[in-house]
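Structure first, commentary second.
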Amino acid sequence: MSLVNGTEIFKAAREGHYAVGAFNTNNLEWTRAILAAGQETNTPILIQTSMGAAKYMGGYELCLNLVEQTVKAMNITVPVIMHLDHGNYEAAKECIEVGYNSVMFDGHDLPFAENLEKTKEIVALAHAKGISVEAEVGSIGGEEDGIVGAGELADVEEAKQLAAAGPDYLAVGIGNIHGVYPANWKGLSFERLEELASVIKIPLVLHGGSGIPKEQIIKAISMGISKVNVNTECQLVFAKATREYIEAGKDQQGKGFDPRKLFAPGTQAITDLVKDRIEWFGTPEVK
Ligand code: G3H
Ligand code: ZN
């Protein structure tokens with residue numbers, strides 16, 4: 001199947017009270033692992049590149065071609081959305097130009113009026129080409145220079161204004177944090193999610209999906225979260241499986257050093273994790 005945009009898929013998720021997972025790719029193995037999970041569960045899947053990962057891999061066009069060609073080579077039949085994760089204004093424009101199916105314009109570090117203005121511009125450019133847009137209100141917490149933020153809460157009024165700018169889905173801060181959650185994390189703010197979901201009817205996006213307890217994710221989805229982003233957990237399971245392979249001395253047995261063997265356990269670990277999360281998110285099978 002060719003790549004598709006995310007508009008109808010996430011709209012259906014919000015209406016159906018389930019979510020579709022969004023998983024970050026870093027290379028060929030990650031791409032194959034994520035696509036395999038979608039295919040094996042017969043569910044739609046979103047694969048995304050951050051600006052940094054795209055730079056590492058050789059640019060947006062290469063990333064898009066990689067995903068397109070891998071979909072073809074693996075005979076993937078489920079809908080696949082190719083998305084830009086946390087793009088700045090220039091990156092969002094470039095991905096629209098190159099032909100991604102969906103872009104996130106993350107203007108959280110801009111003054112709100114500028115975030116709003118630029119979101120409108122990106123929406124107009126993207127929609128003219130049938131590309132979906134994710135916007136972000138406020139900012140997602142995280143660790144910076146050893147200081148751990150508690151996870152910011154999106155301002156409801158700003159969220160309303162940003163949703164009115166026309167994006168197809170909206171990333172909201174509800175106490176979620178990128179990366180590993182600190183032991184003293186207070187959990188998601190369901191109070192703020194309820195306030196947001198009662199006035200914003202487009203699909204809501206939960207970033208920092210790694211490490212949030214299953215019950216909290218399921219509750220958030222029942223309240224309006226329709227896209228859950230997961231990155232760090234894929235990195236952790238890949239590193240763990242690769243470490244175990246090397247610590248067991250398998251890279252030194254026969255041709256165990258061949259990258260096709262060396263990367264296999266980590267790749268399988270990503271597929272297993274993604275399949276597990278698809279089950280958490282309640283993503284229904286494609287009919
Ligand atoms: O945009 C990407 C996600 O928000 C991933 O967050 O690395 O904490 O899973 P995570
Ligand atoms: Zn994120």
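Under full-length UniProt numbering, the sequence shown has 45 at position 45, and the numbering climbs by one with no breaks.
The C-beta atom is built at its ideal place from N, Cα and C for all residues, glycine as well.
query, result
"Own chain residues within Cβ distance below 8 Å of E285, not counting five before or after", "T41, N42 and T43"
"Straight-line Cα distance separating R277 from A264", "20 Å"
"Burial state of G175, where buried means 16 or more other Cβ atoms lie within 10 Å", "buried"
"Where S139 sits in the DSSP three-state scheme", "coil"
"Same chain only: Cβ atoms within 7 Å of A220, ignoring 5 sequence neighbours per side", "L188, L193 and L206"
"Contact check, Q81 vs V4, beta carbons under 8 Å", "The sequence shown places Ile at residue 81, not Gln. Yes, the pair counts as a contact, with Cβ atoms nearer than the cut-off."
"Boundaries of the beta strand (DSSP E) in which Y100 is found, first to last residue", "Unbroken run through Y100: none, as it is neither H nor E."
"Proximal residues to residue 301 (C-beta, below 7 Å), its chain only, five neighbours per side dropped", "No statement about residue 301 is possible, as the shown extent of the chain runs from 1 to 287 and does not include it."
"Residue ranges of each beta strand (DSSP E) within the segment 165-246, 3 or longer", "169-172, 204-206 and 225-230"
"A92 burial status per 10 Å Cβ neighbour count (16 or more: buried)", "buried"
"Check whether I9 and T25 have beta carbons under 8 Å apart", "no"
"Outcome for L35 when other beta-carbon atoms lying within 10 angstroms are tallied against a minimum of 16", "buried"
"Straight-line gap, P213 to E90 (C-alpha atoms, nearest Å)", "35 Å"
"Selected residue, minimal CA-CA separation from E114, among A135, E68 and N65", "A135"
"E233 beta carbon near the ligand G3H (any heavy atom closer than 7 Å)", "yes"
"Proximity of C234 and I177 at Cβ, strictly below 8 Å", "no"
"Euclidean distance between Cα positions of Q216 and S226", "14 Å"
"Per DSSP, cross-strand counterpart(s) of V20", "K227"
"Close beta carbons around V156, own chain, < 7 Å, minus the five adjacent residues each side", "E195, L196 and V199"
"Same chain only: Cβ atoms within 8 Å of L110, ignoring 5 sequence neighbours per side", "K118"
"Own chain residues within Cβ distance below 8 Å of H108, not counting five before or after", "N115, E136, V137, G138, S139 and I140"
"Residues sharing a beta bridge with G87, DSSP", "F105"
"Own chain residues within Cβ distance below 6 Å of H17, not counting five before or after", "S222"
"Of the listed residues K201, R260, R32 and A159, nearest to A73 (C-alpha basis)", "R32"
"Whole-angstrom distance between V133 and S102, CA atom to CA atom", "6 Å"
"Nearest-angstrom Cα separation, counted from Q69 out to residue 306", "No statement about residue 306 is possible, as the shown extent of the chain runs from 1 to 287 and does not include it."
"Own chain, CB closer than 7 Å to L273, minus 5 neighbours either side, in chain order", "E233, C234 and V237"
"Where the beta strand (DSSP E) containing I47 begins and where it ends", "I45 to S50"
"Chain-order list of residues whose beta-carbon lies under 6 Å from that of T242 (same chain, five-residue window excluded)", "G266"
"Per DSSP, cross-strand counterpart(s) of L153", "I174"
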